[in-house]
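Residue numbering for the sequence shown follows my numbering, beginning at 839 and increasing consecutively.
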Amino acid sequence: MDDEEPSSGMGTLAAYALGRMSMQREQSLRNLARTFGQRFQPQAPTVDVNALIADNQDLLAENQELRRQLKAARSALTEYEFNYAELKKWAREAEAKLREAGLLLD
Numbered sequence: 839m840d841d842e843e844p845s846s847g848m849g850t851l852a853a854y855a856l857g858r859m860s861m862q863r864e865q866s867l868r869n870l871a872r873t874f875g876q877r878f879q880p881q882a883p884t885v886d887v888n889a890l891i892a893d894n895q896d897l898l899a900e901n902q903e904l905r906r907q908l909k910a911a912r913s914a915l916t917e918y919e920f921n922y923a924e925l926k927k928w929a930r931e932a933e934a935k936l937r938e939a940g941l942l943l944d
């Protein structure tokens with residue numbers, strides 16, 4: 839056994855295995871960091887802008903139609919209130935004339 843030279847370092851296979859394990863460890867750490875980064879980072883919402891624009895236009899058209907209907911209803915109510923007041927005035931005048939003529943009893 840005196841013929842053998844003392845080993846001056848690690849063998850080629852051992853160096854390869856050690857380098858490979860180091861590379862795999864670094865890859866695992868990068869994957870772990872990426873996973874945690876994605877988990878704690880809020881996901882950007884996916885929005886269909888065209889659908890939102892179409893919905894907005896539909897709502898705008900509906901709003902305009904409802905405003906038109908409200909304006910028509912207010913106009914009709916104003917006309918109804920005017921007619922009611924005129925009818926009430928006519929009824930008071932008619933009642934007064936009937937009282938004067940003695941045709942209406944209290």
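Even for Gly, the Cβ is constructed at its ideal location relative to N, Cα and C.
Assigned secondary structure, residue i (DSSP; H/G/I helix, E/B strand, else coil)
i: Gln-865; result: helix
i: Ala-882; result: coil
i: Met-848; result: coil
i: Arg-939; result: Correcting the residue identity first, residue 939 is Ala in this sequence and not Arg. Coil at Ala-939, not helix or strand.
CA-to-CA distance, residue j to residue i, given in whole angstroms
i: Arg-930; j: Asp-896; result: 51 Å
i: Arg-912; j: Asn-894; result: 27 Å
i: Lys-909; j: Asn-901; result: 12 Å
i: Leu-898; j: Tyr-918; result: 30 Å
i: Glu-933; j: Glu-903; result: 44 Å
i: Arg-906; j: Arg-937; result: 46 Å
i: Thr-916; j: Lys-935; result: 29 Å
i: Phe-874; j: Met-861; result: 20 Å
i: Ala-889; j: Gln-881; result: 20 Å
beta-carbon residue i near the ligand ZN non-hydrogen atom, thresh 7 Å
i: Ala-855; result: The model depicted lacks the ligand ZN and carries no ligand whatsoever.
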